[in-house]
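Numbering (my numbering), first residue to last: 13 to 499.
Note that beta-carbon positions come from the ideal geometry of N, C-alpha and C, so glycine has one too.
In what follows, a single structure is set out as structure tokens and then discussed.
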Amino acid sequence: MRYPLFYFIILLTSLFTASCKSTHSNTYDTSASSRSLTDAESAPAWLAGDHHIHGKYSARWDWSTTPPTPILRGDAQYATALYAQMARHHNLSWMVTTDHGGPGHSSVNLEHAYPELVASRKATPEVLQFYGMEFDTPGARHCSLIIPYSETEAEQLFRLESQFNRREIEPDTASRDTDEFMLQALKAMQEEQKPPILIVNHPARLAEKLSGFKKVTPQKLRKWQDTAPDVVIGMEGAPGHQANALNPDGSIRESGLRGGYNDFPTMGGFDQMTAVVGGVWDSLLSEGRRWWITATSDSHMHYTEGRTDFWPGEYSKTYVFARKQYDDIMQAMRQGKMFATTGDLIDSLSVKARVEKGQAADIGETITVKSGESISIEVKFRDPDTLNFGRQNPSVERVDVIIGMINTDAAAAPLPVVHRFTSKDWHVDGQFRTIKMDIEAVKHAQYVRIRGTNNKNELEPQIDTAGEDPWADLWFYSNPVFISVKE
13 MRYPLFYFII LLTSLFTASC KSTHSNTYDT SASSRSLTDA ESAPAWLAGD
63 HHIHGKYSAR WDWSTTPPTP ILRGDAQYAT ALYAQMARHH NLSWMVTTDH
113 GGPGHSSVNL EHAYPELVAS RKATPEVLQF YGMEFDTPGA RHCSLIIPYS
163 ETEAEQLFRL ESQFNRREIE PDTASRDTDE FMLQALKAMQ EEQKPPILIV
213 NHPARLAEKL SGFKKVTPQK LRKWQDTAPD VVIGMEGAPG HQANALNPDG
263 SIRESGLRGG YNDFPTMGGF DQMTAVVGGV WDSLLSEGRR WWITATSDSH
313 MHYTEGRTDF WPGEYSKTYV FARKQYDDIM QAMRQGKMFA TTGDLIDSLS
363 VKARVEKGQA ADIGETITVK SGESISIEVK FRDPDTLNFG RQNPSVERVD
413 VIIGMINTDA AAAPLPVVHR FTSKDWHVDG QFRTIKMDIE AVKHAQYVRI
463 RGTNNKNELE PQIDTAGEDP WADLWFYSNP VFISVKE
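In structure tokens form, the structure reads like this:
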């Protein structure tokens, strides 16, 4: 594999730095947990990250040997150290390495990928680097499996991958590739002393039509979360491979489909399970489920080298409101304190629900009100006046407020966009924009979620056509604020 010179220099620099700091060993990096926090790290802030990244240990396999031999860089190209450097360059604070599995791949992770991760953490400590994998999901497709940072993180992933990953026993995966085995795996994860996080990747990629789901269905999502509520927290709202319509020189490839969704496309770069108002995501939220969405790169190889991907953080970002600590980021993810954005359309977001007496809740939180009481909603976002990595300075043209009822007959009906706000409706303070509205006489439990776009032409995100420029169609989505009602 021939790296462009810039990437090669970055890789050599990071590896040299790591070798100067310590030897490469299969050990927990105690420096990251024992050092004193800076003032910036001790206060919660919006931290951008990416939980779906493939490196050189996403292997292909030589089936002529027994057991099959991994062919490194077979499906993805880059070293962990290079990804960490590029994550830092694209303003990420955290990332997760998520290589595919395969026959005996648990040993590849334990003996090779993990020592490389430890070295990369030392080389680029500015980026918190979680250990994980793209879990080959029994009876389904793929999920990001994020392992809690700990002294036993390597052994924890080895145990879970070797015992439950669908492809670990290839070529004959029949005994593992069942819905029942997935529930067994989830029960084991839920019972871990420090449970991992599981986020469903590109959930509707196999759908042949609107709501024509295959392999990953809403029914399975419900069963998975019911089985392991501390583990299964949500799904990729915006999948990776968003550079699929770009040629290596940045020009448009007319046949390229965003996200690699070849049957039923993405909509505004987002999976239909998220993008359709009143669709799968809203149906899960209307049950009161804490079901969150994210955005990732699913990076295997950069589009300038002939593949379909952006670097981590170059196009898609998941922002988590947390202190810059491993455990705090994991906790905030479980709590849904996240929003997803593409093209650096925004970099800060608050959706605050408040009652008159002062009680308030923000993204991922719940506010409790008396029946008949009114709530004020304040949306505040930052539209940065800077160029993004597409060398553009996009502006938010519209913000939509979506409200759904919880556990009522109204939850079965399509949800409306209750308000659409444009620049004439919001207050401007530098790079921040503020929108205010009221919900009068609340009588039913409900949730409020926000989305916004730079697209002037679409009231609803439309099906992405082949050859669509991803930089021209940007969206952000908040996770919901929940409103509970008491008599």
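In the DSSP assignment, what residue or residues form a beta bridge with residue i?
i	result
W304	G246
S360	R394
K498	K382
T420	The partner list for T420 (beta bridge, DSSP) is empty, contrary to what the question assumes.
D450	S388
Y459	G416 and F494
D321	H314
F282	M279
Y489	A352 and R463
T110	Beta-bridge pairing links T110 to no other residue.
F444	R394 and D441
A484	A484 is not bridged to any residue.
A365	A373 and I389
State the DSSP-derived secondary structure class of residue i, mapped to helix, strand or coil.
i	result
M145	strand
V413	strand
V332	strand
V408	coil
R85	coil
D374	coil
L140	strand
R270	helix
A166	helix
A71	coil
A257	coil
G479	coil
L297	helix
E326	coil
E472	coil
S54	helix
Hey, how far is the Cα of residue i from the Cα of residue j?
i	j	result
N469	G280	12 Å
A307	A93	22 Å
L233	L195	11 Å
D374	T380	12 Å
Y69	M201	23 Å
S46	A365	Confidence at S46 is low in this model, with a pLDDT of 45, below 50, so the placement of that residue should be treated as unreliable; the coordinate-derived value is given next. Distance between the alpha carbons of S46 and A365 is about 37 Å.
V497	S383	6 Å
T446	L296	29 Å
A60	A71	28 Å
F147	E377	29 Å
F401	T354	11 Å
F193	M145	18 Å
E165	Y143	7 Å
P207	V440	43 Å
D339	P160	7 Å
N256	R319	7 Å
D450	E180	53 Å
A99	G416	36 Å
W487	R410	10 Å
V5	K235	Outside the shown range of the chain (13 to 499) lies residue 5, about which nothing can therefore be said.
V212	K227	12 Å
L218	G479	20 Å
S407	H154	34 Å
Y126	Q168	12 Å
Considering just the uninterrupted stretch of the alpha helix (DSSP H) at residue i, what are its terminal residues?
i	result
P127	Y126 to A135
Y315	Unbroken run through Y315: none, as it is neither H nor E.
A93	T92 to H101
S119	H117 to V120
In the DSSP assignment, find the unbroken beta strand (DSSP E) run with residue i in it and report its ends.
i	result
V289	Unbroken run through V289: none, as it is neither H nor E.
Q343	No beta strand (DSSP E) contains Q343, which is instead part of the alpha helix (DSSP H) from Y338 to R346.
H64	A57 to I65
L157	H154 to I159
F401	Unbroken run through F401: none, as it is neither H nor E.
R265	No beta strand (DSSP E) contains R265, which DSSP labels as neither H nor E.
T434	V429 to T434
Which runs of the beta strand (DSSP E) spanning at least 3 residues fall entirely within the stretch 171-241, listed in chain order? 209-212
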